[in-house]
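> Here's a structure for you.
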Amino acid sequence: MIRFALWRIAATVAVLFAISVLTFLIFQVIPNGDPAVRLAGRLANTQEIHDVRRQWGFDKPIYVQYLRTMEQIFTGKVISYTQQVNVLEQIGQDLPATISLTVGAGLIWLVVGIALGLAGALLAEGGRLQRLLDRLLGALAMLGISMPSFLLGDVLLFYLGFKLHVFPLGGYVPLTQDPWAWLTHMILPWISLSILTIGFYSRLLRAGILDTLSEPYVRTARAKGLSERRVLIAHVLRNSLVPIVALWGLDFAAVLGGGALLTETVFNLGGVGQYAAESIQHLDIPPILVITMLTAFIVVLFSTITDVVQALLDPRVRLRS
Amino acid sequence: MSSRMRSLSPAPLSIAAIAAIVAALGLGGCGGSGGGASTASGPASATVLDGSAPDSLDPQVGITTTSMEATWNVYLGLYTYARANGSAGTHLIPALAAELPQVSDKDTLYTTTLRKGLHFSNGAPVKASDFTYAIERAIRLNWGDKSFLTEHIVGAEAFDEHKASTISGIQTDDGSGKISIKLTSPYGAFLNVLAFPAAGLVPSNTPMKAQPNDPPPGVGPYEIEHVVPGKSFEEAINPHWAKEAIPGIPTPQLTIDVKVQSNVGTQADEVFDGEADLYDWNTPLPPAALQQAKREAEDRYSVESVAQVSFFFLNVSKPPFNNLQARQAVVEALNRPAYERLASGYLKPGCYLLPPGLIGHPSSPCPYGDPESTGDVAKAKELVQQSGTAGEEVTVWGPAETPHREFVDNFAQMLDAIGYKAKEKVISPSTYYGAVTNVKTGAQVGFAEYTQDFPNPVDFYQLIDGDFIQPEGNHDLSLARDPVIDNGVKELAQLPASELPQAASKWEALERHAAQQAYVAVIGYQEAPKLTSERIDFGGLVFSPVYGPDWTTLKLK
Amino acid sequence: MDARAPSLSAPIPRRSAWRLLLAEPTAIGAGCVLVLIVVLCLLAPVYAKDIAHTGPDATHVTETISLGGHPHDVVSPTGVPTGPTWHSRFLLGADKTGRDVAVRLLYGGRNSLEIAALATLITMVLAIALALLAGWFGGFLDTLICRLMDLIWSYPVLLLGVALGVTLAIDGIDLGFVTLHGGSLLLPALIIGVVYIPYMGRPLRARVLELRRSEFVDAALQQGLNGGRVALSEILPNLTSNVVVFAPLLLANAILLEAGLSFLGAGVQAPAPSWGTMISEGTQLMPEAIHLVLAPGLMLLAAVVAANLLGDTLRDLLDPRSRRRRVRASARGLTLAPLELPPPEAGPMPPAEPAR
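Residue numbers (numbering that gives the first Met the number 0), protein chains in the order written: chain A, 0 to 320; chain B, 0 to 556; chain C, 0 to 355.
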């Protein structure tokens, strides 16, 4: 266990290091992307640009700039180029929106995904009508995994927001300020973000259950006279949930770390993902660096957690190092 | 298959899920404490919307119109603009100075006196030397327009280059409040420079570091509080303001909550519904909201002119636009009403560099075609043929933001139609100006817009003045070096602002010459929406031609 | 991290796979839809010239069209474009710059599909090459390639894509042997292609490792054949069915990612259309002109669903674990290659990390 933990920590550090270097390099090669020019203002002269370059240390060798930025990140002093605000504070302010989005959508896609997957598997074993329903669910799932979240978001916003005025037109209201407004603002983003994952989880679970049902040990369990319900829950569902749990952890982590750029932008949630999207548009390197590292960190963290959960759920899975 | 099974306990899964949620909410707790509900006590408040956050609320850093709109009522300098609509709002009045300056020594020495008994919003008394400190601070913090200071004030450049510890050209006497400023050469727009919020006084003990989240105290009707970067801030009424009684500057009645709302549709809805009180004039109303404004809000919606010009620069150092006929063809073929539509109607077609309303804007007809016409493509085609530049490849540069990218689409199509092979280069707005103002980029044609720093024709003429060509941060994007313009501007720039009306005919002559030479293909002048909620006294809200709506004049009906 | 990486197993003879595929109505339907979309998009110049009488980039801002005898602004004075006219001109309406949406939809489809197809090709070629190198030579090379793929994998897909797209759009990239200009379609294709390498590279590498240990490879090596040649002649052909399964799924993902990149302004460069850029432009004019979102959106959805369906069916047929395959095959009286032991996780192939 200790070896496993140490190995994971070392791997995380390595991933974060590589990602930060890569990001820094990507933005360093931009021609005309000189942040000094932008910082100096639109009509600054050569002298002023030079001053800004010196002031921010852009005249230093790239590895010095990299080390300086990293130092600033880890001492919590990193400042963005465009607004010149503390990036970590800014992310702290954006987190509630992103967390609201992630937790809500994560629960929805887990619960609905499992429910639909289970329903599909049960229907597939049933009669003619049931099988037809199963195919319908399958078609819907296929539509779900083919739908870009921003398209769905746009369409929902248009019909339910602009036309029918059922939901607000995007934006985020803190839970602590007005719980009801928070909910109404979050429902459409949750749906847009969940559909794809629901579609996928339900397909994965359905196939998993059907595969497991044909396993010899399930037949044994049935032969032992266990109730169908017990067989299904204790044996089949438990095994089929293993890959779902693993995926859920990763999906949850990716969105939590600001991975939902498109959804957050369409609904103007002002979360970490939208901050990332805006920073990229402005070629604002410090927030991009911090957010990519944050996302990677959360993903690695959650994949470790899910590995542990998986090992507990499934005796065949061993923690590797 | 292994049949080694344990009975399923759901615990691990749900514990992990709960742990994740708890962790998430825990994070939410420490991040979500920013916005507090406004208290019921104290003066009523109005909510002002901004389409984008101010670049900085530190007066000696902020450079965008959004910043200056917020800071010009917080950081008064020696002079400020009259709080009035239209051209009356371009007049300079004394603010912290007791009177307009005495100008002597061949128009290079400005002397004035500070008003008596002034206090900063934190209660500290204002000293004459605080003025020097503010100017020094703007230079040290690399304020984007600091060249207005370093180029004109004696010793400011040496201070900038760390060769002097203070600016030798500025002399102050804290006892008598006397301030004198020595210029390197006569500069007619110097009072305009002193009216920038960046020249607004801050206490001499303000750190020599940008303070965007906790802006320093200033002298003005408002003080800035509760800054949530990129999201919101408040302007509360300065408790010491009532005692100052500076004539010409209104005493505010409402505190201001400023909220950033980047979605223009939502912005408009909030104002229509009364959730917010003032729409951001920098963002044109989206079409649906525009129709709604015309239909339901006729009494609280108007279109205001803001001295701004939109144009395509034509690089005269490269073919094909080193050829006058080629440039003429472009201007002839411009379909300006199309750009007006692309800008949702917020663009007034025109052909001169100086916007209407500004001294020097000619009343004579445009040299190449009526700006209200959809352009004469046939004639332009002929001109291109005659110029011998037909078939040349032209790359049109533009920023990737609405409606400018659509402008570029339309412009490139026009170039194709008159006989060129046009390509587009539409790039991120944040790198665009850096790219085209770098002479090495060598952009042939590109979109540019210019909003005045101050209402003086000299400010616009740097756009085609050969003396403003520089390798980086170039102002003269066309790279035009026309002795008529360069010398004309040099002479006119020295005239003090008070003599500007008499020089109008000289500026007009320069304007006609510039339009004839077609260094830039002017499309028109951007206009701004003024839209308030129902409870605001719309007529009473002053719209300054320099800094937009004056928040001190926001009143409830 | 491995959970998302799909697993593959033994191939089946190609001819029977074809016959199985042709017996699948869904596959035929999906294939027809895909072909139809491709043909329509290829006919874009014909439609533009002979039906709509305009080009994809031609602007008609101040023009009017006659609808039922009445003149009608293509773009209103306040900047709202006309909706679908259901006539030959502006069949699906105009966009903000007065361009014909139907014409742009077809040309945009060409760009979207071209990028997606190129990206798929790039992913396949690079993933196969890396998988062969890593799986065959093992050791340090294997570790290096695996770490590289891990790195791409743990980088948030959309962030990486947009970051590359925005930065490269400005001045292109000089790869030494070829220079890509800022506006080149190859640029987004390259970005998408690289981003999805691990999605395909990891399972392929596992498959190469598996084959490397198989008897027929040992036999070939014992005959004294050169190692590299064995890799190409014995292992590469055995990857075919795996690659075939990936192709449509990759295509679907590439179309989606291109749309996502373009939506954030990092895809196809102006004035060239693509479905993603069209949706993005439409979003900015949202309440007034929903047709600008719906037209490219539905087209994109149709293409992605068709590609996904095709990939799904292919996988069902080629995956030895699939129940459907066994049922179908026995119904057709075909015999299948002996099945290998299934890997611990079963089920449909996970999607590549989505652009959300």
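Glycine included, C-beta positions come from ideal geometry on N, C-alpha and C.
Under a CB-based cut-off of 8 Å, is residue 281(A) close to chain B?
yes
> Nearest-angstrom Cα distance between residue 146(A) and residue 83(A)?
Taking the straight line joining both Cα atoms gives about 37 Å.
> Taking only beta-carbon atoms, is residue 47(A) less than 8 Å away from chain B?
Yes - at least one Cβ of chain B is within 8 Å of the one on residue 47(A).
> Beta carbons nearer than 7 Å to chain C: which residues of the stretch 326-340 of chain B have them?
334, 336, 337 and 340
> Tell me, please, which residues DSSP counts as bridged to residue 354(B).
For residue 354(B), which the question treats as bridged, DSSP gives no partner whatsoever.
> Compare the C-beta of residue 563(B) against all C-beta atoms of chain C and say whether one is closer than 8 Å.
One cannot answer for residue 563(B) here, as it falls past the ends of chain B, which runs 0 to 556.
> Do you know whose CA, among 552(B), 46(B) and 183(B), lies nearest residue 153(B)'s CA?
183(B)
> So, does the stretch 290-308 of chain C touch the stretch 298-307 of chain B, judging by three or more C-beta pairs under 8 Å?
Between the stretch 290-308 of chain C and the stretch 298-307 of chain B, the count of C-beta pairs closer than 8 Å stays below three; the two stretches do not touch.
> Tell whether a beta-carbon distance below 8 Å holds between residue 402(B) and residue 341(B).
Yes; because the gap between Cβ atoms is below 8 Å, this pair is in contact.
> According to DSSP, is residue 6(B) part of a helix, a strand, or is it coil?
With a pLDDT of 30 at residue 6(B), under the threshold of 50, the predicted position of this residue should be treated as unreliable, and no value is reported.
> How many whole angstroms separate the CB atoms of residue 398(B) and residue 467(B), which I take to be in contact at a CB cut-off of 8 Å?
Not a contact, Cβ separation roughly 21 Å.
> Measure from the alpha carbon of residue 267(C) to the alpha carbon of each residue in 189(C), 223(C) and 143(C), then state which is nearest.
189(C)
> Which chain A residues are close to residue 285(C), counting only those with a beta carbon under 8 Å from its beta carbon?
153, 156, 157 and 161
> Tell me the rounded alpha-carbon separation between residue 144(B) and residue 512(B).
28 Å
> May I ask which residues mark the beginning and end of the alpha helix (DSSP H) holding residue 505(B)?
For residue 505(B), the enclosing alpha helix (DSSP H) starts and ends at 503-516.
> Given residue 170(B), which residues of its chain have a CB within under 6 Å of its CB, disregarding the five upstream and five downstream residues?
Cβ within range, chain order: 179.
> Hey, is residue 52(B)'s beta-carbon within less than 8 Å of any beta-carbon in chain A?
Yes, because at least one Cβ of chain A sits closer than 8 Å to the Cβ of residue 52(B).
> DSSP on residue 28(B), reduced to helix/strand/coil?
For residue 28(B), the predicted model reports a pLDDT of 32, less than 50, meaning its position is unreliable; a value from the coordinates is still stated below. The answer is helix: DSSP assigns residue 28(B) an H, G or I state.
> Give the straight-line distance between the Cα atoms of residue 141(C) and residue 252(C), rounded to the nearest whole angstrom.
27 Å
> So with Cβ pairs under 8 Å, would you call residue 471(B) a contact of chain A?
yes
> With DSSP as the reference, label residue 47(A) as helix, strand or coil.
helix
> Under 8 Å, Cβ to Cβ, is there at least one residue of chain A near residue 158(C)?
yes
> For residue 167(A) and chain C, any beta-carbon pair shorter than 8 Å?
no
> Report yes or no: do three or more beta-carbon pairs, one from the stretch 527-536 of chain B and one from the stretch 287-299 of chain B, lie closer than 8 Å?
In short, these stretches touch, since the Cβ pair count reaches three.
> Between the C-alpha atoms of residue 95(C) and residue 261(C), what's the straight-line distance to the nearest angstrom?
17 Å
> By how many angstroms is the C-alpha of residue 213(B) removed from the C-alpha of residue 70(C)?
57 Å
> Below 8 Å on the Cβ atoms is my contact criterion, and I expect residue 98(B) with residue 111(B) to pass it. Report the Cβ-Cβ distance as a whole number of Å.
Confirmed, Cβ separation roughly 7 Å.
> According to DSSP, is residue 293(B) helix, strand or coil?
helix
> Looking at the secondary structure, which residues open and close the beta strand (DSSP E) in which residue 445(B) lies?
444-450
> Cα separation between residue 21(B) and residue 104(A)?
Residue placement at residue 21(B) cannot be trusted, given a pLDDT of 39 that sits under 50; what the coordinates show is reported in the next sentence. Those two C-alpha atoms are separated by around 16 Å.
> Among 288(A), 291(A), 155(A) and 268(A), whose alpha-carbon lies nearest the alpha-carbon of residue 93(A)?
268(A)
> Less than 8 Å separating the beta-carbons of residue 525(B) and residue 305(B)?
yes
> 8 Å is my cut-off, CB to CB: does residue 168(C) come that close to chain B?
Yes, contact with chain B.
> If contact means a Cβ-Cβ distance below 7 Å, which residues of the stretch 215-228 of chain A contact chain B?
215, 216 and 219
> So, helix, strand or coil for residue 346(B), using DSSP?
strand
> Suppose only complete runs of 3+ residues qualify. What are the beta strand (DSSP E) ranges in the stretch 127-163 of chain A, listed by chain order?
none
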